[in-house]
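Asker: Pasting a structure below so you can have a look.
In this note's numbering, the protein residues as written are 38 to 281.
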């Protein structure tokens, strides 16, 4: 009960206010910068503050596998709205999200996502989804940035869903390595369907980059299956609450 009172009276209001302030500042910055670089830096700062307010610690393993200045397609399992704040500060390269187009229709949030250079995908329309993925590949090549995709296509309650081929398509199209990331503990921090944020430990395991230069688009389904296996191998339950 005390925890819920704290969330209602302190954590949720402060996070909401800080998010509104940072979102507004980011929109203002976007009027003078079309690259999204400054907005990305601001988003990283926003994430760090949210983690601090929520009492969330992130332990990162394997960050040395990511070359500063390199371009990648990152993929991660998706169990919580807090997956994004946990990932943002800990990938040391500029990257953009590939997100469901419905998010881009949300007032304020959608406009901010567009101005920051994130990419919308319509997973219900195969042709439009293919166009979005091809555009993501082009942006990686032309702007020397990376992208982050949640290949399950939605948040889950635990077990990994089959991976969609979009992330593999983008990586092969752009000719860049694809990096699997396993997030452990975010479901306990903020479970699907819950509003009660809890502090604790999140472990972020970064796998070995998988090169795609010698692959063709015909390999994308096989690659997606291999990526799911790579994340599944790292996807163990987090430490019990008493050991955090």
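All C-beta atoms, glycine included, are put in the ideal place defined by N, C-alpha and C.
One question on the structure: do residue 119 and residue 213 come within less than 9 Å of each other, judged by their Cβ atoms?
Answerer: Against a cut-off of 9 Å, the Cβ pair of residue 213 and residue 119 comes out as no contact.
Asker: Kindly give me the distance between the Cβ atoms of residue 200 and residue 265, rounded to whole angstroms, as I take these residues to be in contact under 8 Å.
Answerer: At roughly 5 Å, the Cβ-Cβ gap stays under 8 Å, so residue 200 and residue 265 are in contact.
Asker: Between the stretch 223-233 and the stretch 113-129, can you find at least three pairs of beta-carbon atoms closer than 8 Å?
Answerer: The answer is yes - the stretch 223-233 touches the stretch 113-129, with three or more Cβ pairs under 8 Å.
Asker: Can you look up residue 60 in the DSSP assignment and give me helix, strand or coil?
Answerer: It is helical.
Asker: What does DSSP give as the partner residues of residue 137 in its beta bridges?
Answerer: Residue 137 is bridged to 158.
Asker: Check this for me: beta carbons of residue 102 and residue 243, under 9 Å apart or not?
Answerer: The answer is yes: Cβ separation under 9 Å.
Asker: Let me know if residue 228 comes out buried or exposed under the rule of 16 or more other beta-carbons within 10 Å of its beta-carbon.
Answerer: That one is buried.
Asker: Whose CA, out of 231, 143, 194, 131, lies closest to the CA of residue 184?
Answerer: Closest option to residue 184, Cα to Cα, is 131.
Asker: Report yes if the CB atom of residue 260 is closer than 9 Å to the CB atom of residue 205, and no otherwise.
Answerer: Yes; because the gap between Cβ atoms is below 9 Å, this pair is in contact.
Asker: Taking the beta strand (DSSP E) that residue 241 belongs to, which residues open and close that run?
Answerer: Note, residue 241: beta strand (DSSP E), 237-243.
Asker: I'd like the span of the alpha helix (DSSP H) that includes residue 211, first residue to last.
Answerer: 203-211 is the extent of the alpha helix (DSSP H) around residue 211.
Asker: Return the residue from the list 195, 134, 87 that minimises the CA-CA distance to residue 56.
Answerer: Checked all of 195, 134, 87; the closest Cα to residue 56 is 87.
Asker: How big is the Cα-Cα spacing for residue 166 and residue 95?
Answerer: Spanning the two alpha carbons is a distance of roughly 32 Å.
Asker: Would you mind sorting residue 196 into buried or exposed? The rule is 16 or more other CB atoms within 10 Å of its CB.
Answerer: Result: exposed.
Asker: Using the C-alpha atoms, what's the distance from residue 48 back to residue 121?
Answerer: Rounded to whole angstroms, residue 121 to residue 48 spans 18 Å at the Cα level.
Asker: Looking at the secondary structure, which residues open and close the alpha helix (DSSP H) in which residue 122 lies?
Answerer: 120-124 is the extent of the alpha helix (DSSP H) around residue 122.
Asker: Tell me the residue span of the alpha helix (DSSP H) that contains residue 270.
Answerer: From DSSP, the alpha helix (DSSP H) with residue 270 extends over 257-271.
Asker: Thinking residue 100 and residue 79 are a contact (beta carbons under 8 Å), I'd like their distance in whole angstroms, please.
Answerer: Incorrect: roughly 21 Å between the Cβ atoms, too far for contact.
Asker: What residues in its chain sit with their C-beta under 7 Å from that of residue 277, if we drop five residues either side in the sequence?
Answerer: With a pLDDT of only 45 at residue 277, under the threshold of 50, the placement of this residue in the model should not be trusted; the figure read from the coordinates follows. Closer than 7 Å at Cβ, skipping near neighbours: no residue.
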